[in-house]
Each structure stands twice: as structure tokens, then as C-alpha cells.
């Protein structure tokens, strides 16, 4: 550092971090009141969203009954069959949990995880007509 060669990975990382810190500095602001207002707005939860409506247990039951069985469950291992077998009290509690998540804008970590699997399209005659030099 200080104009010397560095060999260790930790030292290289530190030099690179210092370089980025020096190069990417925000421009000095002339309006601190406006900056404060912007930071408060950005820190607010759901600043771009209208308040979400709560879900009634009846509406929850209607949506659960529409679910197709046999689909692969998510990381929480909750599938359509399990939801459809919930008793009335379970639906009420599940609706309360979902409404609390909507109201507080806090969702369980497993609800945020998804695995995307890319499925290639089957070969067809249109693929042969499309230009390949895109």
C-alpha cells in the first residue's frame, strides 16, 4: 500500500476498496434540508405503494379452494393439499398472519425465496427461420 506492491489477497481487497471509496464520492450538497427530506422518504417502508387491503378468512378460503393440487411446494413445504385441509380456525389464523405481514410490511424469509428453473423451448420450425446473429 502507499505505492508499494501488494501480494496478499486481503491487502489487494483493501487497496481496491480504498480506490473505490476515493473515486465514487457523492457530490457535495447545497441543500441539506432537501437531502434530509429525500433520505426520510427513501427510508420509509413502502413509499411507492398504496396501503394494501386486509384479507378476510372467507376470501382466503375462496383463494385456497382455487389452488391446484399436485404442484411442488415452496421452501416452506406448504402445498395446496395442506392448505385445503386446514380447519376453519386454521384459516382464521392464517388470514391473521397474512394481514399482519401486509400491515407491517414484514414477511417470513422463506416466503421471499424462489428457485427459477429455465425451461428451453422445444425446437420448432420458427426457430430455424429466426436470425441467429442477434
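In my numbering, the protein residues as written are 8 to 141.
Note that beta-carbon positions come from the ideal geometry of N, C-alpha and C, so glycine has one too.
Since this is a predicted model, take the numbers as computed values, not measurements.
Which residue wins for smallest C-alpha separation from residue i, given the options the options?
i	options	result
residue 77	87, 71, 70	87
residue 118	103, 81, 111	81
residue 70	90, 104, 51	90
residue 79	124, 45, 96	124
residue 103	27, 65, 22, 50	65
Quick check on DSSP: helix, strand or coil for residue i?
i	result
residue 48	helix
residue 31	coil
residue 118	helix
residue 16	helix
residue 124	coil
residue 141	With a pLDDT of 47 at residue 141, under the threshold of 50, the modelled position of this residue cannot be trusted; read the value that follows with caution. Of the three classes helix, strand and coil, the one that applies to residue 141 here is coil, per DSSP.
Within the continuous alpha helix (DSSP H) that includes residue i, where are the two ends?
i	result
residue 64	64-73
residue 81	Where residue 81 is concerned, there is no enclosing alpha helix (DSSP H), given that its DSSP letter is neither H nor E.
residue 37	Here residue 37 belongs to no alpha helix (DSSP H), and DSSP marks it neither H nor E.
residue 95	95-111
residue 88	87-91
For the ligand COA, is there any heavy atom lying closer than 7 Å to the beta carbon of residue i?
i	result
residue 28	Absent from the structure shown: the ligand COA. Ligands present: none.
How many whole angstroms separate the CB atoms of residue i and residue j, which I take to be in contact at a CB cut-off of 8 Å?
i	j	result
residue 101	residue 93	7 Å
residue 108	residue 62	The Cβ separation is near 10 Å, so there is no contact.
residue 36	residue 42	5 Å
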